[in-house]
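Have a look at the structure below before the remarks.
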């Protein structure tokens, strides 16, 4: 399979990828390396993993990172309550060794996303979302899992991967990632889509929207992104906005300034941004987009 | 941009790829053998005769952060399409940092003389800032001496320096005590360590007889201090130096730098056992420089050279400066933003802030403000001591 095939597969599943992203994904799949995606929120980083799972026809296992995330939540944990019950319920004549063997068996192991991902028969897509939110220690043991694809549980021994998962990491740039992690990954920076790509995305998601209005919506959102905003509207916001506009029965953005201004709530998500785009600005942008 | 000439004769594809990697390294992208290997593997997966595909593939493999990502295309063109010149000697600005790493007092003094020799160049080009510095500034200064007898510049006696040192030590302690959000087995703590309890209760027939606990471990924060010793700051230099000395003494990981038109690492010099001697040595050095300030450029040098290893989420960067800068003011903002991105907390102590009616009018200072976690006065030693509760909260 070449990278252009992958790109058209992605498009078929509803994800319009840039050439760079398609190439990075293609290489990540073939070189069996994790794919690290960076970019602003709302440019479709997480969606890459979801779409990949869809075209590969496998499970998506997602690990959402947060500060203080530790191995107990990311790899595995023993089910202590069940263990305690099992010890109490065991009969008198069982030796300590037997009990230990019993309670430290697979049955009492709680599989967390990372262990889950490497113990599947068919390789799943493992999405490690917002890795920059986790602290540096987590990054370190993630490196270990990602390089060897094995996890060691002291009581059970080393669990080797049955199949290598396709790993996608995403980061928003909340903090810089370590060089070691970056070097192990195939990297792609995902930017806001250009006008043509965004039109294609809109056409994919809302095929019944008339072409002129779609063009207006995309043009409007694109010029809104060039304004000085705290949080620029992402692709998901654009789609919400388009749905709102068509739901409100608007056929032309310039036709009803009041409704248009009201529907900006789909695009501008902070108070400062809403104040920064009053009706005059909206009208100027619509004028440009039309 | 240093450019490598495309080799006219090469043995094989790998030869050319290795040449390309060397070209990237010359341009500051740290790729190694692993990347070369990955690049060759990547070329097997695509059509290597199509330059666009090759460009996309090599970009995915070698450009591993957003900055490099943006630069890559230009570098690619330069090498494979020979669009550049033969590699030049590295520009002078690249050589300087190496000199600074090897610190000797002699070379520093020489550099200082150079700096003062080129005085006209170091003068503030922003006339507004200059006016504040020479006109209003002095006026307020003389007023301050009357109002506040204990301005830092009057602390020159050994016992005062010793006090500065002590204040610094307690501040360093206040900053250092931090807890992680993770939990670790510990003798006491609020949470039970179920893993251990379950294991030990095997021997007591399932009765959780021994209780083990988990606690948030301590995660010491470490300090990096940057001291401005330009002309406008020389009066404070000695006290601040002994303050730095105290900070350094409190923790092995603390790092200190001086800057004026250059950036110098002084941690090792400050670890000199004799406080008074160390401070005197460094003050003399600092006086030699008293000239222009390039806060922006120095911060840049710091973020590029030192911050990569020394600044992370558990670092507090302490900047001691009056914010008068001869660099374009937005440079400070940019560099602080970069530092901030590494997760560090930034504290700016400004001796002018203690003055009556002070407003951060120096444009550099105004640019810096949005990126600071704490902006505080450092006019008197008591000001410094009063920082402790603020630092605990950071």
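Protein chains in written order, with the numbering used here: chain A, 594 to 883; chain B, 169 to 562.
Ideal placement from N, C-alpha and C gives every residue a C-beta, glycine not left out.
Check	Outcome
Near-chain A residues of the region 494 to 516 of chain B - C-beta to any C-beta below 8 angstroms	509, 510, 511
Residue 691 of chain A classed as buried or exposed, judged by whether at least 16 other C-beta atoms fall within 10 angstroms	exposed
Span separating the alpha-carbon of residue 511 of chain B from that of residue 726 of chain A	11 angstroms
Beta-bridge partners of residue 518 of chain B, as assigned by DSSP	B/545
DSSP state of residue 304 of chain B mapped onto helix, strand, coil	Below a pLDDT of 50, predicted positions are generally treated as unreliable, and residue 304 of chain B, at 35, falls in that range; the measurement from the model is reported next regardless. Three-state DSSP puts residue 304 of chain B in a helix.
Proximal chain A residues relative to residue 349 of chain B, where beta-carbon distance stays under 8 angstroms	660, 661, 728
6 angstroms Cβ shell around residue 553 of chain B - same chain, five flanking residues per side excluded	335
Own chain, CB closer than 6 angstroms to residue 425 of chain B, minus 5 neighbours either side, in chain order	394, 431, 433
Contact under 8 angstroms by Cβ, residue 346 of chain B with residue 383 of chain B	no
Cα-Cα separation between residue 710 of chain A and residue 642 of chain A, rounded to whole angstroms	14 angstroms
Residue 221 of chain B versus A/645, A/620, A/846, A/682, residue with shortest Cα-Cα distance	A/620
CB contact check: residue 617 of chain A to chain B, cutoff 8 angstroms	yes
Nearest residue (CA-CA) to residue 404 of chain B, options B/193, B/332, B/349	B/332
Alpha-carbon to alpha-carbon, residue 468 of chain B and residue 503 of chain B	6 angstroms
Distance between residue 722 of chain A and residue 490 of chain B (C-alpha atoms, nearest Å)	42 angstroms
Distance CB(residue 480 of chain B)-CB(residue 729 of chain A) smaller than 8 angstroms	yes
Interface residues of chain B facing residue 623 of chain A [CB-CB closer than 7 angstroms]	213
Chain B contact for residue 782 of chain A (CB, 8 angstroms cutoff)	yes
Cutoff 8 angstroms: residue 292 of chain B Cβ touching any chain A Cβ	Note that residue 292 of chain B has pLDDT 39, beneath the 50 cutoff, so the model's placement of it is unreliable and the number below is only indicative. By this cut-off, residue 292 of chain B is not an interface position.
Reduced DSSP category for residue 719 of chain A - H, G, I as helix; E, B as strand; rest coil	strand
Proximal residues to residue 866 of chain A (C-beta, below 7 angstroms), its chain only, five neighbours per side dropped	822, 823, 824
Residue-level contact to chain B via CB, residue 840 of chain A, 8 angstroms cutoff	no
Opening and closing residue of the beta strand (DSSP E) in which residue 745 of chain A lies	743 to 746
Separation of residue 874 of chain A from residue 856 of chain A, as counted between CA atoms	14 angstroms
Per-residue DSSP class, three states only, for residue 851 of chain A	helix
Cutoff 7 angstroms; reference residue 878 of chain A; Cβ partners in own chain excluding five residues on either side	813, 816, 817
Minimum C-alpha distance to residue 397 of chain B - residue among B/518, B/219, B/531	B/518
Close Cβ partners of residue 306 of chain B (< 8 angstroms) along its chain, the five nearest in sequence each way excluded	Confidence is the limiting factor: at residue 306 of chain B the pLDDT is only 32, short of 50, which leaves the residue's position unreliable, though a coordinate-based value still follows. Counting only Cβ-Cβ distances below 8 angstroms, and skipping sequence neighbours, we find nothing.
Any chain A beta carbon closer than 8 angstroms to residue 295 of chain B	Only weak support is given to the placement of residue 295 of chain B: the predicted model assigns it a pLDDT of 39, under 50, and the question is left unresolved by the model.
Neighbourhood of residue 192 of chain B by C-beta, 7 angstroms cutoff - its chain only, sequence neighbours within 5 removed	199, 230, 243
Residue 421 of chain B beta carbon near the ligand FMN (any heavy atom closer than 7 angstroms)	The model on display carries no ligand, and the ligand FMN is accordingly not part of it.
Cβ of residue 680 of chain A within 8 angstroms of any chain B Cβ	yes
Bridge partner(s) assigned by DSSP for residue 392 of chain B	B/423, B/485
Same chain only: Cβ atoms within 6 angstroms of residue 543 of chain B, ignoring 5 sequence neighbours per side	516
Straight-line Cα distance separating residue 406 of chain B from residue 782 of chain A	47 angstroms
CB contact check: residue 692 of chain A to chain B, cutoff 8 angstroms	yes
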